[in-house]
Ligand code: AMP
Ligand code: ZN
Ligand code: FE
Ligand code: FE
């Protein structure tokens, strides 16, 4: 069976590897396709799609942060990177990140960590996120893992956390659909919602035009994956899946296999492709 990974981050957002290294890693694992789904960015996909000549299929994607009683992520596939609505939205999200990040840097500087935001942008690129701050703390010896950095410093309410403005669910879904893409609810079991809230969230997403559910994901148990596949079939939604690979920023997650349990068949991508044409 040909295998794919439809949830992959590169250093265009908070992944550790460049788009080119990511694609080479995927090709080396004999994956048939990967989707590049950077947070709030599609330039990583564009960069590699323009230059890559190998046989791995590279799918354009994105991951937006939204909320419903807490964080909710929306994935988009096959969206047009040149769509003007999408470009304007990405610019305003990155501007808002910059505003939030400057505050975090200020607190770090006050605590004697020698870092400037310009240095961070130079090193990490346009989309700087909390995992990058976590990495700085790790490098400064203040924590011994990225997880500890989230628990002690950059998690919600901590010293190096500031809120950022997230788009509402409907806006994320409309942005993706408006750019010709397919909106998919990302990793529904990563949010730790009770069953009732999860059912409500699904209802809201379906009414807003979601077209798929990310059934297979590194944070889901085998039972949860089977449950989501049944839900997707029941509601006539597409099924997707991926590792959520970030390289060394999330060291326990491998490209193509997650924590060892992720198997995503190529037929799921074929269904996505058929759905764009509808
Ligand atoms: P930001 O969008 O900059 O606020 O950062 C949020 C990102 O941090 C999420 O998309 C996750 O990839 C990552 N993240 C959140 N919590 C953790 C955690 N406990 N450990 C590692 N990464 C995390
Ligand atoms: Zn990430
Ligand atoms: Fe996510
Ligand atoms: Fe992700």
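In this note's numbering, the protein residues as written are 21 to 298.
Note that the Cβ used here is the ideal one computed from N, Cα and C, for glycine as well.
Since we're looking at a predicted model, the values are computed, not measured.
Item: What residue does the alpha helix (DSSP H) around residue 83 start on, and which one ends it?; Value: Note, residue 83: premise wrong, no alpha helix (DSSP H); beta strand (DSSP E) at 77-87.
Item: Less than 7 angstroms between the CB of residue 27 and some heavy atom of ligand 2, yes or no?; Value: no
Item: Does the distance from the CB of residue 34 to the CB of residue 149 come in under 8 angstroms?; Value: yes
Item: For residue 87, count the other beta carbons within 10 Å of its own beta carbon; 16 or more makes it buried, fewer makes it exposed. Which is it?; Value: exposed
Item: With DSSP as the reference, please indicate the residues paired to residue 260 in a beta bridge.; Value: 234
Item: From the DSSP output, read off the bridge partner residues of residue 265.; Value: 28
Item: For residue 284, which residues of its own chain have a beta-carbon under 7 angstroms away from its beta-carbon, when the five flanking residues on both sides are left out?; Value: 23, 24, 25, 26, 236, 261 and 262
Item: Does at least one heavy atom of ligand 4 sit under 7 angstroms from the Cβ of residue 83?; Value: yes
Item: Cβ of residue 93 within 7 angstroms of any heavy atom in ligand 2?; Value: no
Item: Indicate the three-state DSSP secondary structure (helix, strand or coil) for residue 296 in the structure shown.; Value: helix
Item: Could you work out which residue in 65, 76, 126 and 92 is closest to residue 102 when comparing CA atoms only?; Value: 65
Item: Which one of 185, 251, 208 and 38 has the shortest CA to CA distance from residue 112?; Value: 185
Item: Of the choices 107, 48 and 45, whose alpha-carbon is the least far from that of residue 63?; Value: 107
Item: To the nearest angstrom, how far is the alpha carbon of residue 292 from that of residue 28?; Value: 17 angstroms
Item: Report the CB separation of residue 127 from residue 137 in whole angstroms; it is logged as a contact under 8 angstroms.; Value: That pair is no contact at about 12 angstroms.
Item: Pull up the distance between the alpha-carbon of residue 131 and that of residue 71, whole angstroms please.; Value: 43 angstroms
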